[in-house]
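Note sheet for the following structure.
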Amino acid sequence: MDMQAIPAREGEYNLKNYEDFRKDFSWEDVEKNFSWHETGKVNMAYEALDKHADNPDKKDKIALLYSDPNREEKVSFDELRLKSNKFANVLKKYDVQKGDRVFLFMSRSPEFYEAFFGILKVGAIAGPLFEAFMEQAVGDRLENSEARVLITTPDLLYRIPQDKLPNLEKIVLVGEHEEEGDQYIDFHTEMKSASTDFDIVWVDREDGMLLHYTSGSTGKPKGILHVHNAMIQHYATGEWVLDLKEDDIYWCTADPGWVTGTSYGIFAPWLHGVTNVIRGGRFSPDDWYKTLQDNQVTVWYTAPTALRMLVSYGEEKVREYDLSALRHILSVGEPLNPEVITWGLKAFDLRIHDTWWMTETGAQLIVNIPALEIRPGSMGKPIPGVEASIVDNEGNEIPPNQMGNLAIKEGWPAMMREVWNNKGKYESYFINGWYVSGDSAYRDEDGYFWFQGRLDDVINTSGERVGPFEVESKLIEHPAVAEAGVIGKPDPERGEIIKAFITLNPGHEKSDELLEEIRQFVKKELSAHAAPREIEVKDSIPKTRSGKIMRRLLKSWELGLPTGDTSTLEE
Ligand code: 6R9
Numbered sequence: 008m009d010m011q012a013i014p015a016r017e018g019e020y021n022l023k024n025y026e027d028f029r030k031d032f033s034w035e036d037v038e039k040n041f042s043w044h045e046t047g048k049v050n051m052a053y054e055a056l057d058k059h060a061d062n063p064d065k066k067d068k069i070a071l072l073y074s075d076p077n078r079e080e081k082v083s084f085d086e087l088r089l090k091s092n093k094f095a096n097v098l099k100k101y102d103v104q105k106g107d108r109v110f111l112f113m114s115r116s117p118e119f120y121e122a123f124f125g126i127l128k129v130g131a132i133a134g135p136l137f138e139a140f141m142e143q144a145v146g147d148r149l150e151n152s153e154a155r156v157l158i159t160t161p162d163l164l165y166r167i168p169q170d171k172l173p174n175l176e177k178i179v180l181v182g183e184h185e186e187e188g189d190q191y192i193d194f195h196t197e198m199k200s201a202s203t204d205f206d207i208v209w210v211d212r213e214d215g216m217l218l219h220y221t222s223g224s225t226g227k228p229k230g231i232l233h234v235h236n237a238m239i240q241h242y243a244t245g246e247w248v249l250d251l252k253e254d255d256i257y258w259c260t261a262d263p264g265w266v267t268g269t270s271y272g273i274f275a276p277w278l279h280g281v282t283n284v285i286r287g288g289r290f291s292p293d294d295w296y297k298t299l300q301d302n303q304v305t306v307w308y309t310a311p312t313a314l315r316m317l318v319s320y321g322e323e324k325v326r327e328y329d330l331s332a333l334r335h336i337l338s339v340g341e342p343l344n345p346e347v348i349t350w351g352l353k354a355f356d357l358r359i360h361d362t363w364w365m366t367e368t369g370a371q372l373i374v375n376i377p378a379l380e381i382r383p384g385s386m387g388k389p390i391p392g393v394e395a396s397i398v399d400n401e402g403n404e405i406p407p408n409q410m411g412n413l414a415i416k417e418g419w420p421a422m423m424r425e426v427w428n429n430k431g432k433y434e435s436y437f438i439n440g441w442y443v444s445g446d447s448a449y450r451d452e453d454g455y456f457w458f459q460g461r462l463d464d465v466i467n468t469s470g471e472r473v474g475p476f477e478v479e480s481k482l483i484e485h486p487a488v489a490e491a492g493v494i495g496k497p498d499p500e501r502g503e504i505i506k507a508f509i510t511l512n513p514g515h516e517k518s519d520e521l522l523e524e525i526r527q528f529v530k531k532e533l534s535a536h537a538a539p540r541e542i543e544v545k546d547s548i549p550k551t552r553s554g555k556i557m558r559r560l561l562k563s564w565e566l567g568l569p570t571g572d573t574s575t576l577e578e
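For the sequence shown, the numbering used here begins at 8 and goes up steadily by one.
So, in structure tokens, the structure goes:
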């Protein structure tokens, strides 16, 4: 189904002539925006925060416009600088060194951002975790990264398997608590006495800065390492794609536990020194529209799942709010349905700009630039400085309009530099000079890219990547479950939902209560978003002769599709 292209609107966009600009482009031109181009002194925290606080015209500007249902706070660039300096001193006091992993496991709050910048200032690597993670998910990540310090809130402490984490030396508790023991550090007490002076630890542009865990089709989640050099691309895309201007009020709805919540919830807006809205609490259409209205948000970066929910609440709801400040909307994480774009045109009188990228890519790669036409259903075109293509399994480019692997020419600034402790995994992403994404797509004659699906078994539910292996492993830990195969099942609102096929151990009878118990088991130990919404009991789970679960076959059965090649199926 091809919908009519939506032409660009008149406007003073930062990137005007995409094709010409692309032709003469060099990343070195972007580097000139950073003082380290001359001084050699690199640190993201300096460029995104202290630099603005050093500027007399900017130091009192609001950096963080924080609110949740119980709290409202406005923090200037200078205040955030001083508080993050304090936290850097706390980390220094406990001997945190450059390159150490310091994790954050807490909901959004001003303290989160103070701590985050404090971590970068000492040259350590920050690892933000979703607040929704349960014991196993938290434990896996802290264990794999060998984190030395964790910052969390007392209500989440029970989910940290401390006895299984020999490398974890200190836990910083943000909020009132009664924990005793040398391993605990009280955030507020330490912050009170810490100095506001701190000399940033200068690092190399290729030094580690951020570790985000993400799911693949096999094995435990992998730690994707990003380096300070990524700022070049965060800055550039903030300019071209987010179209940020000095007076913008920007809101990215993503949690910092997800790469969008760091690259575009922290780095891109603050590298540009704009006011950044952070809204805590749960999603509800009224809450979101009110956040847009009350903060006079001008640029809004969100996700298809949320937009689809807003669509279901209707256009009338939008009319109850004054969203007249809003001028630019973007989306990421899943395919953006053309219907949602059409609805956005009516409801907001604005185009919604799809953007494509991944945890591994660190920043946007294929996007809809404000000054270009939008072809609804297409992710857009590669940003200047990036070459994207469709390749076959040997890494050879294939002609337009044919489906294949969506691939990016190696070497863009924000590319991951390591899969933590897993060199083989890292190398497996690259074929013949191309980074192969795991997504399938095609390119039309005019260079627009069209997403087709995932090529591996990774599930995308409400924009979150879930690895089937992780869920299967947890399922079979339940005493009633013998074997499990997990797939993504298409769902109009969530993109996909998680469906599990299981076999039961002898002595266990299928019942609604048992299936609900199994579901709750995954929810309690892994996380709510990884718990299967549907569980089906089978007599056996299809496997290859080498013992691998044939998820593709499960999916074909589920969808009533032809089963394809089953020659490797075990008898
Ligand atoms: C930033 C982020 C990456 C996977 C990616 C793809 C899917 C992301 C998309 C999209 C269609 C888009 N995805 N953006 N699919 N259109 N605009 O989402 O990172 O959580 O690592 O997910 O998400 O399948 O490969 P991450």
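Glycine included, each C-beta is placed from N, C-alpha and C at the ideal position.
Simplified DSSP assignment, three categories, for residue i
| i | result |
| --- | --- |
| R472 | strand |
| N234 | Reading the sequence as shown, one finds Val at residue 234 and not Asn. Strand at V234. |
| N151 | helix |
| R609 | The chain is shown only over 8 to 578; residue 609 falls outside these bounds and no answer can be derived. |
| L561 | helix |
| M422 | coil |
| F32 | coil |
| A140 | Note on identity: in this sequence residue 140 is Phe, with Ala being the wrong assignment. Of the three classes helix, strand and coil, the one that applies to F140 here is strand, per DSSP. |
| Y320 | helix |
| F194 | helix |
| H44 | helix |
| E86 | helix |
| A378 | coil |
| E503 | strand |
| L566 | helix |
| I167 | coil |
| Y257 | strand |
Other residues of its chain near residue i: CB distance less than 6 Å, five sequence neighbours each side excluded
| i | result |
| --- | --- |
| W452 | The residue you asked about is not Trp; residue 452 is Glu in the sequence shown. P407, listed in sequence order. |
| R166 | M141, E142 and V145 |
| P168 | E142 and G146 |
| M198 | K93 |
| Y328 | Y296 and Q300 |
| P569 | none |
Candidates the options, of which the one nearest residue i by Cα
| i | options | result |
| --- | --- | --- |
| G460 | H485, G502, M422 and S435 | G502 |
| D5 | L299, P228 and L232 | Examination of residue 5 is not possible in this model, given that the chain is present from 8 through 578 alone. |
| D61 | H241, S83, S338 and E79 | S83 |
| K48 | L163, V210, P513 and A55 | V210 |
| K229 | P76, R424, A313 and I273 | R424 |
| I158 | E187, D193, W295 and S152 | D193 |
| V284 | N412, M422, Y120 and E500 | Y120 |
| P342 | V488, F458 and G571 | F458 |
| P420 | K227, L413, I390 and Y436 | I390 |
| F112 | K388, D262 and M422 | D262 |
| I542 | I556, I525, P549 and R558 | I525 |
| V339 | Y436, R315, T225 and V181 | R315 |
| K30 | G418, V393 and F437 | V393 |
| K416 | S553, G440 and G245 | G440 |
| M51 | D170, V208, H195 and E186 | V208 |
Residue i - containing alpha helix (DSSP H), residue span
| i | result |
| --- | --- |
| Y120 | P117 to K128 |
| A201 | Run containing A201: none; DSSP gives neither H nor E here. |
| R293 | Reading off the sequence, residue 293 comes out as Asp, not Arg. Per DSSP, D293 belongs to the alpha helix (DSSP H) from P292 to D301. |
| Q527 | D519 to E532 |
Same chain only: Cβ atoms within 7 Å of residue i, ignoring 5 sequence neighbours per side
| i | result |
| --- | --- |
| A15 | P377, A378, L379 and E380 |
| L217 | I132, A133, H233 and T269 |
| K432 | K229 and V426 |
| I596 | Given that the chain is displayed from residue 8 to residue 578, the structure contains no residue 596 and the question cannot be resolved. |
Limits of the unbroken beta strand (DSSP E) element including residue i
| i | result |
| --- | --- |
| K667 | Nothing about residue 667 can be reported from this structure: the residues present for the chain run from 8 to 578 only. |
| W441 | W441 to R450 |
| R78 | R78 to S83 |
| K39 | Premise fails: K39 is in no beta strand (DSSP E) and is neither H nor E. |
| V179 | K177 to L180 |
| E541 | E541 to V544 |
Chain-order list of residues whose beta-carbon lies under 8 Å from that of residue i (same chain, five-residue window excluded)
| i | result |
| --- | --- |
| Q527 | A538 |
| K545 | F508, I509 and T510 |
| A489 | I483, I509, T510, L511 and N512 |
| L163 | F112, M113 and E138 |
| K637 | Any question about residue 637 goes unanswered here, given that the chain covers just 8 to 578. |
Any 3 or more C-beta pairs closer than 8 Å across the stretch 94 to 102 and the stretch 123 to 141:
yes
For the pair the stretch 352 to 361 and the stretch 326 to 334, tell me if three or more CB-CB distances fall below 8 Å.
yes
Can at least three beta-carbon pairs, one atom from the stretch 303 to 316 and one from the stretch 251 to 267, be found at a separation below 8 Å?
Yes: the two stretches touch, three or more of their Cβ pairs being nearer than 8 Å.
For the pair the stretch 31 to 49 and the stretch 100 to 114, tell me if three or more CB-CB distances fall below 8 Å.
no
Three-pair Cβ contact test at 8 Å for the stretch 442 to 450 versus the stretch 468 to 477:
Output reads no: the stretch 468 to 477 does not touch the stretch 442 to 450.
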